[in-house]
Structure formats: C-alpha cells, structure tokens
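Taken in sequence, the protein lines are chains A and B. For what it's worth, our numbering labels the leading residue of the first sequence as 2, then goes sequentially. For what it's worth, our numbering labels the leading residue of the second sequence as 2, then goes sequentially. The beta-carbon is built from N, C-alpha and C at its ideal position, and this holds for glycine as well.
Number of protein chains: 2
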Amino acid sequence: MPNYTAPVNDMMFLFDKLRNNKNYNEIEKYKEINSDLVKDILDEASKINQNIILPLAKSGDENPTVLENGVVRTPPGYKEAYTKYIEDGWTSLSCDPKYGGQGMPKTVSAFFDEMLSSASLSFKLYSELSIGAYNCIFHHATDEIKNKFLPKIVEGKWSGTMCLTEPVCGTDLGLLRTKAVEQTNGIFKLSGQKIFITSGDHDLTENIIHLVIARAADSPTGTKGLSLFLVPKFIVNDDGSIGPRNGISTGSVENKMGIKGSATCVLNFDDAVGYMIGSKNKGLNAMFTMMNLERIVVGIQGLGISEIAYQNSLSYAKERKQGKANNAKPTNGADFIIEHADIRKSLLNMKSIIEGERALCFWLSQQTEVSLNHPDKKVKQEASDFVSLMTPVVKTMFTDMGMEITSEAMQVHGGYGYTNDQGIEQLYRDNRITPIYEGTNSVQAADLVFRKLVNKNGDIINRYLEMIKRDCNTGNEQTKSFVKELNDHIEILSKFTTWIKEKVKNSKDDASAACNDYLKALGFVSIAHAWIKVLEVSFKDYDNNKNFYEDKIQTANFYFKRVLPRMESHFKTATTGSDYIMNFKFN
Amino acid sequence: MPNYTAPVNDMMFLFDKLRNNKNYNEIEKYKEINSDLVKDILDEASKINQNIILPLAKSGDENPTVLENGVVRTPPGYKEAYTKYIEDGWTSLSCDPKYGGQGMPKTVSAFFDEMLSSASLSFKLYSELSIGAYNCIFHHATDEIKNKFLPKIVEGKWSGTMCLTEPVCGTDLGLLRTKAVEQTNGIFKLSGQKIFITSGDHDLTENIIHLVIARAADSPTGTKGLSLFLVPKFIVNDDGSIGPRNGISTGSVENKMGIKGSATCVLNFDDAVGYMIGSKNKGLNAMFTMMNLERIVVGIQGLGISEIAYQNSLSYAKERKQGKANNAKPTNGADFIIEHADIRKSLLNMKSIIEGERALCFWLSQQTEVSLNHPDKKVKQEASDFVSLMTPVVKTMFTDMGMEITSEAMQVHGGYGYTNDQGIEQLYRDNRITPIYEGTNSVQAADLVFRKLVNKNGDIINRYLEMIKRDCNTGNEQTKSFVKELNDHIEILSKFTTWIKEKVKNSKDDASAACNDYLKALGFVSIAHAWIKVLEVSFKDYDNNKNFYEDKIQTANFYFKRVLPRMESHFKTATTGSDYIMNFKFN
Chain A
2 MPNYTAPVND
12 MMFLFDKLRN
22 NKNYNEIEKY
32 KEINSDLVKD
42 ILDEASKINQ
52 NIILPLAKSG
62 DENPTVLENG
72 VVRTPPGYKE
82 AYTKYIEDGW
92 TSLSCDPKYG
102 GQGMPKTVSA
112 FFDEMLSSAS
122 LSFKLYSELS
132 IGAYNCIFHH
142 ATDEIKNKFL
152 PKIVEGKWSG
162 TMCLTEPVCG
172 TDLGLLRTKA
182 VEQTNGIFKL
192 SGQKIFITSG
202 DHDLTENIIH
212 LVIARAADSP
222 TGTKGLSLFL
232 VPKFIVNDDG
242 SIGPRNGIST
252 GSVENKMGIK
262 GSATCVLNFD
272 DAVGYMIGSK
282 NKGLNAMFTM
292 MNLERIVVGI
302 QGLGISEIAY
312 QNSLSYAKER
322 KQGKANNAKP
332 TNGADFIIEH
342 ADIRKSLLNM
352 KSIIEGERAL
362 CFWLSQQTEV
372 SLNHPDKKVK
382 QEASDFVSLM
392 TPVVKTMFTD
402 MGMEITSEAM
412 QVHGGYGYTN
422 DQGIEQLYRD
432 NRITPIYEGT
442 NSVQAADLVF
452 RKLVNKNGDI
462 INRYLEMIKR
472 DCNTGNEQTK
482 SFVKELNDHI
492 EILSKFTTWI
502 KEKVKNSKDD
512 ASAACNDYLK
522 ALGFVSIAHA
532 WIKVLEVSFK
542 DYDNNKNFYE
552 DKIQTANFYF
562 KRVLPRMESH
572 FKTATTGSDY
582 IMNFKFN
Chain B
2 MPNYTAPVND
12 MMFLFDKLRN
22 NKNYNEIEKY
32 KEINSDLVKD
42 ILDEASKINQ
52 NIILPLAKSG
62 DENPTVLENG
72 VVRTPPGYKE
82 AYTKYIEDGW
92 TSLSCDPKYG
102 GQGMPKTVSA
112 FFDEMLSSAS
122 LSFKLYSELS
132 IGAYNCIFHH
142 ATDEIKNKFL
152 PKIVEGKWSG
162 TMCLTEPVCG
172 TDLGLLRTKA
182 VEQTNGIFKL
192 SGQKIFITSG
202 DHDLTENIIH
212 LVIARAADSP
222 TGTKGLSLFL
232 VPKFIVNDDG
242 SIGPRNGIST
252 GSVENKMGIK
262 GSATCVLNFD
272 DAVGYMIGSK
282 NKGLNAMFTM
292 MNLERIVVGI
302 QGLGISEIAY
312 QNSLSYAKER
322 KQGKANNAKP
332 TNGADFIIEH
342 ADIRKSLLNM
352 KSIIEGERAL
362 CFWLSQQTEV
372 SLNHPDKKVK
382 QEASDFVSLM
392 TPVVKTMFTD
402 MGMEITSEAM
412 QVHGGYGYTN
422 DQGIEQLYRD
432 NRITPIYEGT
442 NSVQAADLVF
452 RKLVNKNGDI
462 INRYLEMIKR
472 DCNTGNEQTK
482 SFVKELNDHI
492 EILSKFTTWI
502 KEKVKNSKDD
512 ASAACNDYLK
522 ALGFVSIAHA
532 WIKVLEVSFK
542 DYDNNKNFYE
552 DKIQTANFYF
562 KRVLPRMESH
572 FKTATTGSDY
582 IMNFKFN
C-alpha cells in the first residue's frame, strides 16, 4: 500500500502567501476565514485521509463493488468510513450554511478534494457527485425542492448522481433518448437507460438523488429539447421521510481497469417519478453548472493521484540501492537510486508539475469564488470568463500529467511498480479514467478552442494573456530570468492563438486537428504563470523560510528549463494544418 | 475481445521491396528463402495467431497463472494451444536445422514475433525465453551440452528461462548473491533466490532449462565474478531421458497489473545441479548474447501490441457515431467519429509510428543477420556495431510508443476503452511491462549513451549518421521534401550527439540526465530513416500498386509533419545540463 502524507505545508503556503488577490479578498463572507482556521481544517483532513480513507484504496481494488441480487455492495470498510466521514461533516465543507454547510470557499475545499483523491479516488467519487448535485440544485431548483433535498445531501445521508450518458451518446447529447412524460399533477415520469453512472447505486446512503437529462415528450430533437430532472431512488414524502422505491433499477455494475471500488452503473428508468429543475428545454445549461465545477475537480483528481505517486517514488528512491552514481566514491556497495541523474530528473519533473498545478489550481479557486460571489458584476463576469477558459485546461492538463507522473512512478519502481504489492500500478490504473470521464480530453480541447477562446463576452484568451503579462512584468530583478523565459513562450503561444482563432473561423478542421496541442501549449504556459507568482513570494519572503523557498526556486527552475519548452513542438507540429489528415483514406 | 488481422500485406511489402540490402543478400544460406515461401509461412502464422492464440489473451487475463500445491498452472486453453503450437513447429522457426530448426532468418521470424505479441503477449513469453536460451546455449555451450539440450528446446518440448534478477539487484548485477559451488565431478551446485523469472515454472513443457547467473565460490565480488550456468528443472539422464527433480522450487508467482497469463516466478535454488556455460567469470558476456537479442524482441512486443490497438481503434472509429464533423452536411444523425479531425490525427499518429517501426525493425533484422552470418569479417563487424547501437533504441522507442498508442486507443474508445468488455484496457496493461523488463528504458538509454555511441570499435554513432545521410541523399526528386526535413533533424541530432559525447567524457551527470531524451531524438530520426527507404520504393514502384503506395506516402507525410519534429524539444530541454538537478535537495 502506498504511503501518504498530506502536503499541508505547501497548501498553507498557498493559502497564506498567494491569497493576495484583490478581488477575492473583497468577498465579504470569506474575510473571517483565516489561516488558523484553515490550518485546523487541513490538519483534521489529513488525519481522516491518511488514517481512515487511504486503506480503502486497496480494499476497493481487491474487492470491487458488485451487484448482487439487485443490491449494489461497496467494498469492505467503505460503509464504516463513510459514516465517520459524514459524521465529521466533510460532505458539508463547501456548502451553504443555510442548508447545514460550513460555507468554506473553494480555496479550502480544493485542498480537501486533492487529499481525498490521493487517498482513494474510488471512495471520493461517492461524495463528489453529491456536491455536484448540490450545486446544480442550489443554483437552479425552486426553494421547495432545495428545502426538501439539500439538507440531507449536505449532511451526506443522501448522495447524488449526474445521469447524462446513454449507450448511443456520451459526448453527443443531442442523440439522447430518455423520455419524460408530464403527468397531470405537474410531475414527470421518466423512461430510458443511462450508462456509466458514477455512484449510480450503492449501500452507503439512505437515498440517491439522480439528476437526469431527458427529453420531454413534446420537446424538439437535438440538444435544444433537453431538460433536467431530479429523480430520487426513493420517493421523498412531504414531511421529508423516505417513501416508496421509485421506478429505477440497476442493470449492471461495470468491470473496469481501475477505480474498482466506485460503482459505475447502468440505470434503467421505468416510469420513474421526476421533478423538472430549471426551465424546460434548458436542461443542459443547468447541467453545465454541475459539469463545469466537476471538470475542475477531475483535474484535481489527477493532481491528487500525482502527489501520492510522487511521494512514494521519492521515498523508494531514497531506500532502493542500485548501481553506482557517476561521481560516487569507490566504495563497495551500490548507491541509492536517488543519486542517479535520470531518477532525479524524473522526480523533479513530477514535483515541478505537481506544485505548479497546485498553485494554478489555487489561483483558479480564487477566480471561481470571485465569479460566484463578488459584488461587482463586471469583476464577477471577468472572473467567470477566466474560469470558463481554464476549466478544460485544468481538467486536461492535470489528468494527462497524472498519466505521465504515475507512469514515471512505475518506472522508478521498476518491476516492483508493475506487481501489485506496492500499489503503484493501482495509481496508474485509477488515474487512467480521469482523461476519459466528464468529457474526454479531446472534448475539452475542442470546447476550449471552439467555445472558450473568443465568445459573446469578447476575446477571453487575449485578456488572459494580457493579464499574465501584467502579472509577470513587475520589474522584479530576481524573477527576471524566469519572466524572460515565460515571455518567450507567451510569444509562441500568441502566434499559436492568432493562427487558431483564424482557423476556427475559416478552416475548422485545422483547428480541430490542432486543439489538443493548443490546449497543452496553453496549459504549460498557465502553470508557468502560477510558478511566477510563487517565485515572487519566494524571493520576497526568502529570509523567513530559506529552505522552503530555496526548494521552490529550484523546483521552478527545473520547470522553466525542462517542462515549459515542451510547448514549442506542440506549436510547430499542430500548425502544419489538416488537409493531409482529412484527405487520408483509411482503407 | 479485440479483433486482429495479421498485417501480412505490409510484411510482404517489406520482404519483397526492402530486402535490397547488398550485404544481407550475400548471405548464402538465405538465398533460397524467397517470397513464396515467406508468404506461405506468414499465412500459416496468421491462422494460428488469429484463431488459436488470440482467444488466449482474455483467458489468461481472467484466469491468471497460479501456484497451487507447488504446481504452477497456466490459464485454461494454454496447454492445448501450446501443443498445437509446437506440433506446427513454431518454436523451431529461427533455429539451426542441425538441431531440428527451420533456419529462417530474423527478417522472417521478427514478423512472427510481432504477430504473436499482437495475439497474446502472455502466451508468447513461454516460448520467447526458450529461443533466448537456445541462442545462449548455441553460441556458448559445448557440443555435448548442445546435443543434449538443444533438440528438445527447438522442438518446444522443453522451455527456457533467463535467471538474473535477485531481490537486491535487477539493474545492478554486481550485487548478486546466488552461489555456485564446484563439485568433484566438474558440475556445480547452485544456491540462492532469483525473482521476476518469466516462465520460471509452468505446466506446458516436460522440462525447463534455466540459464542462471551466479557467483562461483572462489570468484571475486562485482560483475567480474559472475558465471553462467545451465540448471534444468529435471536432471537429464545421459540417454536424454528425464531424470530426478533438481533442487529448484517455486517460491511464488507474482500478481501483476498485466500479462497475467505469464508466470513470473520467485525461484529458490537449493544445491541445484548446474553446468557452466562459457568461461568462468565471463557469465555476463554469454548472457548478453541472450539479452541483446531479447531486447530487440521486447521492442517488437511493443510494436505488436501497438498494431492490434491501432486496428481496433480504426474499426471502432468507423462504427461509432458521435457528434458532427466540421464540414458535415446538415442531416439528422451524428457522424462516425472517424470523420473528426482529432480522431483521424490520433489514428494517423499510431499508424505512422507503427509502420515506420516495422520498416526500421526489418532493416535491423537484416543487419542482425549480416552481423551473424556474413563471410566478410569487416562487414560483419560493422553490422554488429549498428545492431548494438540500435538495440536499446528499438527496445525503448517501440515500448514507449506502445504506451502512447495503447493510451490513444483507449481515448478513441472513451468509456468503453476503460471497461473490460472491448479488451483495450488489457492491451494498455499488458504493454506496460515492456518499458520495464529486460532492463528499464532508462537503463537502455544509459547503455546507449555511455557504451554504444563510441566504443572500442570506434565512433559508431557517427558512422550510423553518415550511413543515413548516404541512404537519403540519392538526388531523388520525389523524396526531396522528406529528405530535407530529415536532414534538418539530423542536423539537430548531430549537435545533440556532439554535446553528449563531450559530456560522457567530462560531465557524466549531464549525460545521464539527458540520455532518455537523446535516445528519443535518435529514435525519431531512425524511424524517419526507415520511412525514407519505404518512400523510395513507393515512388519508384507507384504505378504497380497505387492505393498501397499512396497510403504509404501519406502516412509518411504525417510522420514527417507531426511526429519527427517532436525530437526538437528533447534536444532543447536535455542540453540545459544537470547542475540544478544534481544540487537539488530532496528533503
């Protein structure tokens, strides 16, 4: 089983030193959330993740969730851990106090999401979708629905799901067939099949609240005829008590390469009672509230798994002896593999990406809070535009880098990484779902290029790049060489941006064939931007914590020398166009 | 279960049109191996791989090889298939007729290795190590040993293993502890533990012939005290019949992420009778005969798994509808995903790498045969130098690209790639061992840079690059634009080579930290070289098979536009040195 120590130090560094965002600091309700409080929360979070949840990873992998006699049974230990988890209030962390939540900002809850992803992604998914459902209901449902369902979801007694995918459609929701027929009393009855439903059924909660995209009987075809419905596993009586079972059955639980503790279900809806959330035929808008926040969290999953993979690689490299280092003294024995240059390079690659991602994520959490809570509408909108731009980037970069990092961890471990003992291969398998679900990374890249760069709110990407340049060009002598590197790469990214904007208008296939590369190029630059902000503080505050800041500066140095330049070949290869790709005959 | 059709067309194209290597064609014994014969062999090979062996992949994954009551049991169906496999003579394909072999050159047997890797890597491993053992015994043992052991190995009735790794040493063999004590009658008794022994024990053959690296009792420490021993599972009587069980027991069979049908064993040697092969204390030299050939075959494994992953991605892309293509006519339905630019790009990425690798491998097979069989010693040595240079490159590139390609296959399949049904996730898991075993890819990269570029035979890399340049600069107008691209990248590779040669002498850590990148840069160029040779033929012979050659030219075009340029960022990042890596304090 891998070891894990929550990186509270690095998290607190971000919270203490990089919370210097004027707009974020203007949000009234977060003014009293100070370092001491956050430190207490993270310390408690470390304990439950390290002690209670981490062991569930192996348990879930060895005893996958199963469907037996119509009942979905989670792995041994899940139920006890979940009970403790909700007793301690972890589901309520970021929820509104009005419904029993603790009202923590995403600057805090994102740290918790990361820890939980490190400890056990499978276990995390049971409550993660509940928060998604919470957000969707919170933003789009009537007060009646909110009062009836939210307190139980916040408490963790009921969980949530997001039901979109059907056999014929994952990416392409216009094709979906689940029907909702309006009854005389204003409720609907839903029929159809949903697949790949995470936490679709299980034995951890009293009730499961499904948020289902379906087509009302009189709605048009395509995506413009889709509405959103709340469909509980058990009907909830007017007094809030659990009523009869609704018309939903579990067809099967998928056998998967990883996240085996998570129940990925086929759900059959058969005249299931549902309540419309939001406006008719506007279901996708409401669902996207849930999906966008969820996509960022999937990015954080990649970060969390990367972190535990790195920690175990580092400790293994310090205890495994093999071969002689180049400059070793002629003694008898072998050296620890951490003395070897290529192992060190690999470890620094992981570390520099992880810490850069965490800093970028912290910046994004602040932007998200500004987008939701700032009093000034214009400020709010600008933050919202940045969040919308960076959502596909964070989802894709962090999960792709998760594949790279878990793979490097396996190489560091050699044969011991491939066998089951050390748990490294499980991290590799578990992480592998993250570039697929919540929209494959190619879907994210297309979303970025075709919808997020320039939209009805203007030229978002241009504003973003201008903002980075302003952030960097502070004239600080100590960060100068880093800033120069970043500026050189922003230059390339700007060329790439001009090229791709033109192609989005005039040659869509060129843009499609380049969108994955464009996302990567932007991602590497965004992480570099986050590193510049870390560096500013590290130089300024250097004397107060020399070891810590020296580590940051050297890690950033690696990122700028070895990681950031990787964006160049993305630019070069992607801008060769697509005629030769589109004309190819695949016989 | 994935489908598979052996790419006989492409293989026959290589055999027919790219066998134009003067030195290879001077090998007397291969002159009669003509196209018709090879076509017959490949057709038969297709049948057994597609019909008998392919189904074993799933069987082995679902019913891993187990150790029960001291007996290692292979998965259902393995024994029947193996019986058919040896009856049809597939183990003997490349072996010397003197011992019952068919005497086929590697230009043919490498195709068979590829097919078998596509069909079931786990099953393949049972006979693969037998061929390794065959080569080792053939080149280093006495006639007595050869006559006693080789016919049965060639026939497939006995199998072989390679026993190097011990708990304290995989990469670093100098540390190994297994002892061999000489007895009065000239034989040895071995004691010690070997781990990660592929096909170390199983129920497919009557006997298992272990080739074991051990230290004779009076030998020095370090790698210079290692000798090689033949240690049979059952003692073989003088008349060739099976005698009593030798002192070898199976401690355990590893649980692994993939290749679950393959028995990866812990073997305990307890006064086991063994016979020294080759000279005392020169065991590693003899073992390297086996390892070097084996490393190329591991590269071919990556190629084979890439091929089946590609085939299934292509067919899935042609049958799965999702989303609208950019220039689709406004009809109701979705388009097949093969209409989408980014899916096409992904498929071409796979295809262009796979076909380039296959062509490179064919070139390398010819070189290998020249290095073993050419009458002119100088010609032989030159070919041997090239084989030795390209061995780590092929092992590493093909297996790394196998990770990329199986991962892309999973993305093309979306959620259906991550669940067990389609078998894509198994390819992803099975391939993942290939960058680890037979020396991790980092070990290969260090081997390349520190031992293969320049050695006692001279400046091998320089000769290799000169040879590529000669091959390319034929003045052919039709390949001109491709050759220009390649020359530009050879230019970069030459700079990288000069840099790294200097670092090998004066700053070894810089070279170590750069060696993985250097290998990649060389690998991308080597595959491009193979493509140039394919292009020469494709243009020249164009009118005789337009569709086939047009496909080749367009696939090559993709490689030169989108794949080859990836080598540049390896050069740029790797040549930043290593001070900042070596000085880093991993606290």
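Contact check for G259/B against D62/B passes: the beta carbons are separated by less than 9 Å. Between the alpha carbons of Q555/B and T576/A lies a distance of about 17 Å. Interface annotation, S408/B: in contact with chain A, CB-CB separation under 9 Å. Contact of D580/B with chain A by beta-carbon distance below 9 Å is absent, the smallest such distance being about 10 Å. Legend: CB atoms of the segment 432 to 458 of chain A lying less than 9 Å from CB atoms of chain B belong to residues R433, I434, P436, I437, Y438, T441, N442, S443, V444, A446, A447. Under the 9 Å criterion on CB atoms, V564/A is classed as interfacial with respect to chain B.
Within the segment 271 to 346 of chain A, the complete alpha helix (DSSP H) segments at least 4 residues long are 284 to 320, listed from N- to C-terminus. Under the three-state reduction of DSSP output, F16/B falls in the helix class. For T435/A and I42/B, the gap between their C-alpha atoms comes out near 44 Å.
Residues of the segment 32 to 61 of chain B whose Cβ lies closer than 7 Å to any Cβ of chain A: none. Of I425/B, G193/B, D202/B, the smallest CA-CA separation from I214/B is found for G193/B. As the crow flies, the alpha-carbon of P376/B is around 13 Å from that of Y31/B. Within the same chain, and ignoring the five residues on either side of G357/B in sequence, the residues whose Cβ sits closer than 7 Å to its Cβ are I528, A531, W532, Y560. Taking S242/B as reference, the option from K158/B, D518/B, L523/B with the minimal CA-CA separation is K158/B. Spanning the alpha carbons of M12/B and D422/B requires a straight line of approximately 30 Å.
In the three-state DSSP reduction, G187/B falls in the coil class, being neither helix nor strand. Here DSSP, grouped into helix, strand and coil, assigns S263/A to coil. In terms of Cβ geometry, M105/A and L94/A form a close pair [threshold 9 Å].
Contact between H203/B and A264/B holds: their C-beta atoms lie close to 5 Å from each other, under 8 Å.
Bounds of the beta strand (DSSP E) holding P245/A are 243 to 246. Within chain A, the C-beta atoms nearer than 7 Å to that of L176/B come from A335, in chain order. Not a single CB atom of chain B sits nearer than 9 Å to the CB of T251/A. Per DSSP, V450/A lies in no alpha helix (DSSP H) and is assigned neither H nor E. Comparing alpha-carbon positions, the option among I132/A, G275/A, K234/A, L205/A lying closest to F189/A turns out to be G275/A. Interface residue (Cβ-Cβ distance to chain A less than 9 Å): C137/B is not classified as such.
V155/A sits close to C96/A, with the two beta carbons spaced by under 9 Å.
In the DSSP assignment, A522/B falls within the unbroken alpha helix (DSSP H) covering 509 to 541.
Proximity of chain B to D173/A at the Cβ level (cut-off 7 Å) is accounted for by Q323, G324, A335, in chain order.
Nearest to V298/B by alpha-carbon distance, out of Q312/B, M398/B, S250/B, N247/B, is M398/B.
Of the candidates N328/B, T185/B, G440/B, the residue whose Cα lies closest to the Cα of G300/B is G440/B. Spatial neighbours of M402/A in its own chain (CB-CB distance under 6 Å, excluding positions within 5 residues in sequence) are listed in chain order as I354.
Neighbourhood of N548/A in chain B, by CB distance below 9 Å: K586, N588, in chain order. Put simply, the backbone Cα of G223/A is about 19 Å away from that of A447/A.
Listed as beta-bridge partners of H211/A by DSSP are T162/A, V232/A. When CB distances to chain B are screened at a threshold of 7 Å, not a single residue of the segment 522 to 545 of chain A falls below it.
Straight across, the Cα-Cα distance linking M2/A with I236/B is about 41 Å.
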